[in-house]
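Asker:
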Amino acid sequence: VQLQAYGGGLVQAGGSLRLSCAASGSIFSFNAMGWLRQAPGKQRELVAHITRGGNINYQDSVKGRFTISRDNAKNTVYLQMNSLKPADTAVYYCAARPLVSSTWDYWGQGTLVTVSS
Numbered sequence: 003v004q005l006q007a008y009g010g011g012l013v014q015a016g017g018s019l020r021l022s023c024a025a026s027g028s029i030f031s032f033n034a035m036g037w038l039r040q041a042p043g044k045q046r047e048l049v050a051h052i053t054r055g056g057n058i059n060y061q062d063s064v065k066g067r068f069t070i071s072r073d074n075a076k077n078t079v080y081l082q083m084n085s086l087k088p089a090d091t092a093v094y095y096c097a098a099r100p101l102v103s104s105t106w107d108y109w110g111q112g113t114l115v116t117v118s119s
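Residue numbering for the sequence shown follows this note's numbering, beginning at 3 and increasing consecutively.
1. Asp90 by DSSP, collapsed to three states: which one?
2. Run the CB neighbour count on Thr105, radius 10 Å, all protein chains shown included, and call it buried at 16 or more, exposed below.
3. State the beta-bridge partners of Leu114 as determined by DSSP.
4. Which residue comes first and which comes last in the beta strand (DSSP E) that contains Ala7?
5. Quick one, are the C-beta atoms of Asn74 and Phe32 less than 8 Å apart?
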C-alpha cells in the first residue's frame with residue numbers, strides 16, 4: 003500500500019489547513035492510521051491517530067484544535083487543523099499500522115506545514 007499526503011502550505015497563525023492522506027489500497031485493513039510530524043531539529047512525534055474501530059487519540063498540544071477523520075470508501079484519512087500556531091510548523095506524515103504490528107510500517111512522503119506569526 004502506498005500513502006500520499008498532501009494539503010500542506012503556508013498559513014498565518016490562527017489559520018486552518020486540511021491535510022489528506024490517500025492510500026492506494028484499503029485503509030480499513032490497517033489497525034490504525036496516523037499523522038505524525040517532524041519539526042526542524044526535533045524528533046518525529048505522533049500528532050493524532052484513528053484506529054480501525056474508530057478510537058481516536060491526540061497529542062495534548064493539538065487537542066481541541068486538530069481533528070482526524072477517515073473515509074473508508076475513499077481510502078483517505080484527513081487532519082483538519084484549526085487555530086494553527088507557529089509551533090505547529092513541521093513536515094507532516096501520514097502513516098499506517100498493520101494489524102499484526104505495533105509500529106508505523108507504511109509512510110507517506112510528507113507535506114510541509116509552515117505557520118507564520
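A virtual CB, placed ideally from N, CA and C, is assigned to each residue, including glycine.
These numbers come from a predicted model, not from an experiment.
Answerer: Let me lay it out:
1. Residue numbering aside, residue 90 sits at position 88 when the sequence shown is read from its first letter. Helix, per DSSP.
2. To locate residue 105, count along the sequence shown from 1; it is residue 103. Under this definition Thr105 is an exposed residue.
3. Looking up residue 114 in the sequence shown gives position 112. Note: Leu114 sits in a beta bridge opposite Val93.
4. Mapped onto the sequence shown, residue 7 falls at position 5. It spans 5-8 - the beta strand (DSSP E) in which Ala7 sits, taken as one unbroken run.
5. Here residue 74 refers to the residue found at position 72 when the sequence shown is read from its first residue. Here residue 32 refers to the residue found at position 30 when the sequence shown is read from its first residue. In this structure, Phe32 does not lie closer than 8 Å to Asn74 by Cβ.
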